[in-house]
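Asker:
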Amino acid sequence: MPRIPIGTFALVLLFTAACGGGAKTPSDNVLRIAMVSPGEAQIRVWKDIAGQYEKAHPGSKVELNFQKDTLYQAIGLPSLLNGRQAPDIYFEWAGDRLRTRVKEGFAADLGTQVTGGPLKGLIADSAYNRVKIDGKIVMVPFAADVTNVLWYNPKLLTDAGVQPPKTFDDLLAACDRLNAKGITPITSGNKDLWPAGNWLAHLVSRVVGEQSYHDTLSGKSGMNTPEWERAFGYIAQLKQHRCVNESANAANDNEGAQLFFKGKAAMHPIGSWLVSWAIDEAPGLAFDYVNLPEMPGGMGDQSSVIGVVTGYVVNAKSAKVKESAEFLALANSPANVAAFVKSGTVPLTKGTTPDKEVDQRTIRLDGLLADAKTVVSPPDTGYDLKRADALYRALAAVLGGEKSPKDALAEAASKAG
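Position 409 of the sequence shown, counting from 1, maps to 413 under the working numbering, and the rest follow consecutively.
1. Along the beta strand (DSSP E) that carries Ala270, what are the first and last residues, could you check?
2. Using only CA atoms, which one of Ala270, Gly139 and Lys124 lies nearest to Asp163?
3. Buried or exposed for Asp129, going by 16 or more other Cβ atoms inside 10 Å?
4. For Phe110, name the three-state secondary structure that DSSP assigns.
5. Please report the distance separating the alpha-carbon of Leu296 from that of Arg36.
6. Helix, strand or coil, according to DSSP, for Phe172 in the structure here?
7. Can the beta-carbon of Asp292 be found less than 9 Å from the beta-carbon of Arg365?
8. With distances taken Cα to Cα, identify the nearest neighbour of Leu182 among Gly193, Asp196, Gln56 and Lys159.
9. Taking the beta carbon of Gln46 as the centre, do at least 16 other beta carbons fall within 10 Å, making it buried, or is it exposed?
10. Could you check how far apart the C-beta atoms of Pro383 and Gly201 are, in whole angstroms? I think they sit under 8 Å.
11. Taking Cβ positions, are Met143 and Ala90 nearer each other than 9 Å?
12. Could you tell me the boundaries of the alpha helix (DSSP H) in which Asn340 lies?
13. So, helix, strand or coil for Val325, using DSSP?
14. What's the call for Ile79, buried or exposed, on a 16-neighbour Cβ count within 10 Å?
15. Around the C-beta of Thr385, are 16 or more other C-beta atoms found within 10 angstroms, so that it is buried, or is it exposed?
16. Is DSSP giving Glu298 helix, strand or coil here?
17. Tell me whether Ala38 sits in a helix, a strand or coil according to DSSP, three-state version.
18. CA-CA distance, His206 and Ile239?
19. Just verifying my parser: in three-state terms, what is the DSSP assignment at Val66?
20. Extract the residue ranges of the beta strand (DSSP E) inside the stretch 231-294, only unbroken runs of 3 or more that lie entirely within it.
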């Protein structure tokens, strides 16, 4: 899934012991906002915006709740939404998760707030296209993230006589050369399944084609097919060539990243948030990226990008829909957008231009996504979580050499239903 930097977390768990079944949020003077922890730099911006709002609305209070992404995605947000002090505004990913929030009654129709309210004119109409459900605007889009590219350490590649891989065959050859030098070719911390899951799902889409990928994850067709088995065969080749660290499926995403940060692995497939993460934890590391290498005989767009739009939803059960829209409008004001840009995030607000201090890799990644002819949705944000989990487990089983492509797909097909 699209991911947020997790090098540092400000965990403020505000769960309530009793649940209110998604009742109306309290009609008090507190505006409650829940989100994935975006890293310390962006947290400072959100806290400043909260202060601005409180100053402009005497007697009001803004309560910010930051949670680790894996907790937030699985149980944190659902618990909060069904609690007695449910958030008025909450972070979400566009795709199936957003559709689920609409179905559950937790996403307000923001059409009037966008066309004639405080949000009018702040964000381009085109940016709302991916956050409409049944023609209704149900999210204020905030950012677009590339959720996986292949990051590499130029020095380690050069020392091994390897160029950044452009094709899958290049990648396998690079793995062989790096292994011969005693260097781990690729590091992944896939304990939670999504880190390698995003990477390898993108690989699968390149092989089977975007339509088959979409139909399968949408439940319109099965994944236990010859074309999917061929795609999984390439993942088995990664195992055969010892491309990925042996600990991949046992290590978490932070542990996987540390091998890259410490120069013990030459490549690391992960999303755009690695830039700010590395600047914090490995400021002296030189690194760059290539998009997923081209797959031989692939039926998909070999220049596709895997990415997601994220943003903020106003709870339909909130008694403060107008106030929530005003807060989000404040977050998209020129001064606050500039602050977000300085923190390393480039919002989708109209007229946003990257600050000269923003890392050039971040700017290039934004361009990669903006210019992409084909954008592939990550399984765990764009589609049903049950099918995404079945796919991720199958990918991990083949990557770890625990199952053959055929057996892994058969099990995934059974789990996905």
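The beta carbon of each residue, even a glycine, is placed where N, CA and C say it ideally should be. Keep in mind it's a predicted model, so treat the numbers as computed, not measured.
Answerer: Looking at the coordinates:
1. Ala269 to Ile274
2. Ala270
3. exposed
4. coil
5. 39 Å
6. helix
7. yes
8. Lys159
9. buried
10. 7 Å
11. no
12. Pro338 to Lys346
13. helix
14. exposed
15. buried
16. strand
17. strand
18. 12 Å
19. strand
20. 269-274 and 292-294
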